[in-house]
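These notes are about the structure you will find just below.
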Amino acid sequence: MYVKWPPPSMGIIRLNTDGALNSNKSQAGFGGVFRNHKGDWVMGYTGHHQLSNVIDIELMALLRGLQIAIMHHLTPLEIQMDAQEEITMFKTHAIQYSPLIIDCRFL
Numbered sequence: 001m002y003v004k005w006p007p008p009s010m011g012i013i014r015l016n017t018d019g020a021l022n023s024n025k026s027q028a029g030f031g032g033v034f035r036n037h038k039g040d041w042v043m044g045y046t047g048h049h050q051l052s053n054v055i056d057i058e059l060m061a062l063l064r065g066l067q068i069a070i071m072h073h074l075t076p077l078e079i080q081m082d083a084q085e086e087i088t089m090f091k092t093h094a095i096q097y098s099p100l101i102i103d104c105r106f107l
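With UniProt numbering applied, the sequence shown closes on residue 107, and no number is skipped along the way.
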């Protein structure tokens, strides 16, 4: 199987994020990578947290990525996530996860 990641347009930085939770929900981790229009790695990050569901972890990965992008002036920024449920929450203003979503929107 051949898989190719399409880079962002010229002048755009793309942030790819992901989060994971082990099967017994005792360990959670997240991370992300910033790449330029040539697909070159610009910066990456990882972290762990005591959150107990994958939605929170995915949102934490995004929040940390946004914080890093602001800190390092990585703009304009395009975000790519494989977390459709979280993307829907942003579009529908979901209340259940509002603290993390509000933090992301604020940035």
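Backbone N, C-alpha and C fix where the C-beta goes; we use that ideal spot for every residue, glycine too.
Query, Result
"Span separating the alpha-carbon of I12 from that of W41", "13 Å"
"Ranges of the alpha helix (DSSP H) found wholly within the UniProt domain \"RNase H type-1\" (16-85), counting only runs of at least 4", "54-71"
"Three-way DSSP call (helix, strand, coil) for I13 in this model", "strand"
"Pick from V3, E85, P99, D18 that is closest to Y45, judged by C-alpha positions", "D18"
"Contact check, H48 vs G31, beta carbons under 7 Å", "no"
"Exposure of F34, with buried meaning 16 or more beta-carbon neighbours within 10 Å", "buried"
"Coarse secondary structure for P99, derived from DSSP in three states", "helix"
"For L62 and I79, believed in contact at Cβ under 8 Å, the rounded distance", "7 Å"
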